[in-house]
Every structure is written in C-alpha cells, then in structure tokens.
Amino acid sequence: MKTIVFVRAKPSVRIYKIAKALRKSTDYELILICRTLSYDANLFKDLFDQIFFYSTVFKFSKQSDLSFNKWWNKKLKLGYRKVIKILNQINPTLIHTMAEPYNIIAYLIQNSKVPVILDANDYTGISTGLENLDMKTARLERYCLEYADGISHKGPDYEIDYYRQHGYKITCPELRWMNYCDEDLCVDTPQKKLSESDGEIHFVYTGLIANNPELKYIYYIPLAKKLARQKIHFHIYPKFAEQRLSYESYKKYIDLAIKEKYFHFHRPLSLKDLIKEISLYDWGLWIHSADISVRTHPEKVMTGSGNKIFSYLEAGLPMIVSSSRIYGKKIIEEYNIGFAIDDSDWDKFDKLIKDRDYSRLKKNVLKVRKELSMQNQSHKLVSFYDQILERNKKRSEK
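Each number in the numbering used here comes from the position in the sequence shown (counting from 1) with 72 added on.
If you want it as structure tokens, here you go:
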C-alpha cells in the first residue's frame, strides 16, 4: 500500500478536498502531520488513517500562548526535527506539502528520503510580485519551486510560467488541480429561499475580509452600502485577513449590520454548515476591487482562483465575478454559471441581474458541479503521484 503524508502547519480546505478525493482509491494510506493548535477536528474527522502533531507546547507556558510557542519552535527547529522523526517512523511513499510559508517545505526537500510535492493555495511571488519579496522569502520559495519533485496549483496551466519567465529552472511534473466540488456537500433541495419569503434578492460572499480600507480588494463596506441602496441583501460569512483578530474586532461590519437592514454580517461557519446555509440565498459574489493593493499583483489578478467558486457551486448558486479577475471571469463565462461586472457598475447590480436568465444559470450550476466534482477529478491526482514516483524510480536506478 502507498502511504501519502500531508504536511502543513495549519491544514486547509485544499488538503481536505485532496485527501477526500484520494479516498476513492483503496491503494493509499493517508496521514496528516500538522500543528496541534491548528487542527480542525470537525473538518478532518474520519478522513485520515493517522494524524501526528509536530509543534511542541512547553509545559511552563499557557496552551493559548501561541506567539511564545511558535517563536521557540521556530528558533530551535523543534517542529522540523519532529516531522523528520515521524516520517522516518512512517516510511511514506510520498509527501504532499502545502505552502505558505516555505520554511518546513525546504527543510523536508533537503532531509526527506522520498519525493516531496509543493502545493499552495497561493504562491507568494505571484500574490505579491517577485520584485516585492524580501530576500529570505524569495530564496525559500525559489528553492522549493526548483527542487520539489512535483508542483500542484489551482490556477490555469500557465500559472507557474511566471517564475520561469524570471529565470527559475522548474522541470518537475506539474498538476493543475482546483479545489473541486465535494458531491457529499452539494445541496440538492434547499429549504425555501429567503427571497421567496420576502420578495427581495439576497447576495452572499464567503472568504477573506479586511478591516483596513487600504486592502481594497477585500474591504467590503463600500460594496455593502451600494447594494443596500439597491435594496439587495448582502450576507458576508468571513474568513479574516487579520488572523489574530476576533469576530468582534470587525466593528465597522458589525455596526453597519446593526444600522443597515440590507447588510448581514454572520459569524464564520464550518464548511459543511456554510454550504447548507448559503444555499438559502440567490447569488454568490466573487467580487474584489480592481484597485491594486497588498497581494493583488497583476499576475495574481490574472491567475487567481478562490475556494468560493466551489462553495457556491456546492450550494447551487449562480455567481457574479469581478471583470478584473481574468481567470475567474473565464471560468464563469466558459461554464455559463453567472456573469462578470466592472467596478464602475456596482450601482447597477439590480438592473444587471434582471437581464439574466436565472433559471438557466441555475440548471448550468447543477450540471457543472457534477463535472467539476473532486470525485470525478480524483484520477488526475492518482496519475500525478504515479508520474512522480515513476520519475523518482528511474532517477534512483541511474
């Protein structure tokens, strides 16, 4: 039996979907290695054969003292050494790592005895621009890209070419594997839509938001006010950009929700609960301001692909995407599951949705989510792993 080990400090939805897709194959034992304080038991329950934790929580510190424990683990490389020790005990067939950051991935490439795959929700150089990276991050990312045994990404086929254009020597196999729909999460017959009860349109956004107005691409107060003037309900289920802040820290959003009938700021939900709840709305928004700000390098705008598209598909929602998100617009228009809008037309949502055949878009969503399900795409992962293992075998025989 082949043993696939996933390594990331904080396990993500992407790891969940890759691991669950691999469950279609009986050939794999799946193991997760992560930090103790970052593990989501609800999301990963019954998914892995074994789970190991590599961070050390010092007995003389409080469990909640994240910064102290993180600093000492990093300083002494305690976690890195523990991961290698665990891997030596497991003797895996292949390691699938997730950035960001790149520190532990570089360490594994240098010290592991089996092939290492580099994967990422977001590649730092693409998000920020190579010209804007600090030297340490640039060096680590380049090392991982050039020395990984395989690279997986969720953007278009040409996404990694950005690095080649800047002189990176990347020759390993690559896989474009999106965070596809989970058929087990798909809502087929939702409860009565809110719009059927109140006769008003309901939009929803799931994902990163920011308190800081300078982070224009995920600062949604201006959009919320424009939608309210059009009498369109706007629901936000946040994932916070400032990870250390609590829900209560987003006072601007909370205050607006109190004052404004058409704005609703919900508490974060688990993935399974989220899909069920947002299925009650009418449209999913994949809207980001076109104004350039942090982590919106032009290359990112050209190639970025968020998780939300598949959450909306799972919930059965047609969607509206910003025209500036080139790859996102291409996906939406190719499958005819929504439409694109310019920033200058944010005050025309009410008119634009009236021009759309909602019933047809809805039918397309239900059809496309079957085609783009991780259950139907799992064979790509299996082929990718086999390609890397065969390539490694030939190299070792030379």
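We put the CB at the ideal spot given by N, CA and C, even for glycine. Note that this is a predicted model, so its numbers are computed, not measured.
Exercise for the section: Under 8 Å by Cβ, that's how I've got K324 and I293 pegged, so tell me the actual separation to the nearest angstrom. Expected result: What you label residue 324 is simply residue 252 of the sequence shown in a count that begins at 1. What you label residue 293 is simply residue 221 of the sequence shown in a count that begins at 1. At roughly 6 Å, the Cβ-Cβ gap stays under 8 Å, so K324 and I293 are in contact.
Handout entry: Assumed close pair K89, N251 - CB separation to whole angstroms, cut-off 8 Å
Key = Numbered from its first residue, the sequence shown carries residue 89 at position 17. Numbered from its first residue, the sequence shown carries residue 251 at position 179. Going by Cβ atoms, the distance from K89 to N251 rounds to 5 Å, so yes, they are a contact pair.
Handout entry: Where R95 falls: helix, strand or coil (DSSP)
Key = Position 23 of the sequence shown, counting from 1, holds the residue named residue 95. Looking at R95 - three-state DSSP - the assignment turns out to be coil, as it is neither helix nor strand.
Practice task
Determine the DSSP secondary structure at S184, reduced to helix, strand or coil.
Solution key: The residue given as residue 184 occupies position 112 in the sequence shown. If DSSP states are grouped into helix, strand and coil, S184 belongs with coil.
Practice task
Identify whether H225 lies in helix, strand or coil by the three-state DSSP scheme.
Solution key: Here the question's residue 225 lines up with position 153 in the sequence shown. H225: strand per DSSP, three-state reduction.
Practice task
Compare the C-beta of K465 against all C-beta atoms of chain B and say whether one is closer than 7 Å.
Solution key: Here there is only one protein chain, and chain B is not present.
Handout entry: Contact belief for G388 with K434 at Cβ below 8 Å, rounded distance in angstroms
Key = On the sequence shown, residue 388 is found 316 positions in, with the first residue counted as 1. On the sequence shown, residue 434 is found 362 positions in, with the first residue counted as 1. So it is a contact: roughly 7 Å between Cβ atoms.
Exercise for the section: Using alpha carbons as the reference points, say which of L280, K288, K333, L159 lies closest to C106. Expected result: Sequence index remark: in the sequence shown, residue 106 carries index 34 (1-based). When each option's Cα is compared against that of C106, the closest is L159.
Problem - Closest Cα partner of K333 within the set L357, D345, H307 - result: Walking along the sequence shown from the start, residue 333 turns up at place 261. Of the candidates L357, D345, H307, the one whose C-alpha sits nearest the C-alpha of K333 is H307.
Problem - Cα-Cα separation, K465 to I425 - result: Position 393 of the sequence shown, counted from the start, is the residue given in the question as residue 465. Position 353 of the sequence shown, counted from the start, is the residue given in the question as residue 425. When rounded, the distance between both Cα atoms is 55 Å.
Handout entry: Pick from L115, G197, I123 that is closest to E101, judged by C-alpha positions
Key = Locating residue 101 in the sequence shown gives position 29, where the first residue counts as 1. Selected option, being the one with the closest Cα: I123.
Exercise for the section: With DSSP as the reference, label I364 as helix, strand or coil. Expected result: Locating residue 364 in the sequence shown gives position 292, where the first residue counts as 1. Note: I364 maps to coil in three-state DSSP.
Exercise for the section: List the residues that DSSP assigns as beta-bridge partners of L104. Expected result: Stepping through the sequence shown from its first residue, residue 104 is reached at position 32. F78, I123.
Problem - Segment limits, beta strand (DSSP E) that includes H168 - result: Within the sequence shown, the letter at position 96 stands for residue 168. First-last of the beta strand (DSSP E) with H168: 166-171.
Handout entry: Sub-7 Å separation of K372 and I198 beta-carbons
Key = For the purposes of this step, residue 372 is taken as residue 300 along the sequence shown, with counting starting at 1. For the purposes of this step, residue 198 is taken as residue 126 along the sequence shown, with counting starting at 1. Taking 7 Å as the Cβ cut-off, K372 and I198 qualify as a contacting pair.
Practice task
Pull up the distance between the alpha-carbon of K402 and that of I460, whole angstroms please.
Solution key: If you number the sequence shown from 1, residue 402 lands on position 330. If you number the sequence shown from 1, residue 460 lands on position 388. Approximately 30 Å, taken between the alpha carbons.
Problem - Of the listed residues S431, D422, H336, V437, nearest to E405 (C-alpha basis) - result: On the sequence shown, position 333 is the one that residue 405 refers to. Considering only alpha carbons, the answer is V437.
Problem - For L343: DSSP bridge partner residues - result: By 1-based counting over the sequence shown, the position of residue 343 is 271. L343 pairs with nothing; no bridge assigned.
Exercise for the section: Using beta-carbon positions only, say whether S97 and V440 come within less than 7 Å of one another. Expected result: Here the question's residue 97 lines up with position 25 in the sequence shown. Here the question's residue 440 lines up with position 368 in the sequence shown. No, Cβ-Cβ distance for S97 and V440 is not below 7 Å.
Problem - 8 Å contact criterion, which M170 and R86 should meet: CB distance rounded - result: Along the sequence shown, read from residue 1 onward, the residue named residue 170 stands at position 98. Along the sequence shown, read from residue 1 onward, the residue named residue 86 stands at position 14. That pair is a contact at about 7 Å.
Practice task
Over the uninterrupted alpha helix (DSSP H) stretch that includes K401, give me the two end residues.
Solution key: Along the sequence shown, read from residue 1 onward, the residue named residue 401 stands at position 329. Note, K401: alpha helix (DSSP H), 398-407.
Problem - Straight-line Cα distance separating D233 from N175 - result: Within the sequence shown, numbered from 1, the residue matching residue 175 stands at position 103. Within the sequence shown, numbered from 1, the residue matching residue 233 stands at position 161. For N175 and D233, the distance between alpha carbons rounds to 22 Å.
Exercise for the section: Evaluate the contact criterion for the segment 268-283 versus the segment 354-361: three or more CB pairs, one atom per stretch, below 8 Å. Expected result: yes
Practice task
Within the same chain, show all residues whose beta-carbon is closer than 7 Å to that of L148, passing over the 5 residues directly before and after it, in chain order.
Solution key: In the sequence shown, residue 148 corresponds to position 76, counting from 1. Confidence in L148 is poor, its pLDDT being 42 and thus under 50, which makes the residue's placement unreliable; the coordinate value appears in the next sentence. Once the five neighbours on either side are set aside, L148 has no close Cβ partner at all.
Problem - Span separating the alpha-carbon of S224 from that of G271 - result: Position 152 of the sequence shown, counted from the start, is the residue given in the question as residue 224. Position 199 of the sequence shown, counted from the start, is the residue given in the question as residue 271. Whole-angstrom Cα-Cα distance: 44 Å.
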